[in-house]
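Below is one structure; the comments refer to it alone.
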């Protein structure tokens, strides 16, 4: 009876939700790794003025990074580690929004982990605490990560985040000395796809469980539907 569910879940349900718990918890761990590592993007900026020419190579994540100057002519500055370099500007604002969405993805992924674990040990009375809640939180987590990726690429490519950092780190080389930039995205950025995949697997496992459960219910109804009329009367 859906209004009076059994207190303990079946072994099949526990196993399926436990599998989903592992994948959703894995997504949370990956997000933590994405937040803390600095291999999001590797930018090479070509610089040239009357006294020197070469490139500035900046590798950074969401909170810190490293810059190297390689000059063909002129005296290069020493390598720089930096964090919190941006002043109030459009790139900084969008960068903060990127961090916000990634944190939201972490929180929703943790909620999905909590819901899946709860369902391994109990049959919740409230519908939202069951599969519907897992679909919601895992879906939101994947969506927030995707938005994070899009915003970060937009901030790097269109909003010139790397160029802004270069101007702050090397005031002697203003924007007028920049001759172009190229960007390659590192493993911290591409791990976001793994988060989306893990959230998708979490949902797919529960969908399979729901379908199997529905099929078992249908099979239990069949004996009554095809039973002889005399047998039903008595």
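Numbering (the numbering used here), first residue to last: 21 to 254.
Don't be surprised by glycine CBs; every beta carbon is placed ideally from N, CA and C.
Fair warning: this is a prediction, and the values are worked out from it, not measured in the lab.
Using the DSSP secondary-structure output, state which residues sit across from residue i in a beta bridge.
i	result
residue 100	87
residue 93	73
residue 198	67
residue 204	62
residue 78	63 and 87
Tell me the DSSP secondary structure of residue i in three-state form.
i	result
residue 231	helix
residue 140	helix
residue 193	coil
residue 68	strand
residue 63	strand
residue 180	coil
residue 43	helix
residue 29	coil
residue 108	coil
residue 147	helix
residue 168	helix
residue 57	coil
residue 37	helix
Where residue i and residue j are concerned, what is the direct C-alpha to C-alpha distance, given to the nearest angstrom?
i	j	result
residue 61	residue 236	50 Å
residue 84	residue 70	31 Å
residue 103	residue 109	15 Å
residue 107	residue 143	51 Å
residue 137	residue 220	17 Å
residue 193	residue 43	47 Å
residue 79	residue 47	24 Å
residue 82	residue 30	43 Å
residue 269	residue 40	What is shown of the chain runs 21 to 254, which leaves residue 269 out entirely.
residue 114	residue 68	29 Å
residue 34	residue 149	15 Å
residue 156	residue 206	29 Å
residue 214	residue 93	43 Å
residue 24	residue 216	Per-residue confidence for residue 24 stands at a pLDDT of 43, beneath the threshold of 50, marking its modelled position as unreliable; no derived number is given.
residue 229	residue 178	44 Å
residue 59	residue 233	44 Å
Given a cut-off of 8 Å on the beta-carbon distance, is the pair residue i and residue j in contact?
i	j	result
residue 158	residue 132	yes
residue 154	residue 172	no
residue 160	residue 50	no
residue 182	residue 63	yes
residue 190	residue 90	no
residue 121	residue 57	no
residue 199	residue 76	no
residue 140	residue 218	no
residue 55	residue 105	no
residue 86	residue 101	yes
residue 118	residue 175	yes
residue 202	residue 165	no
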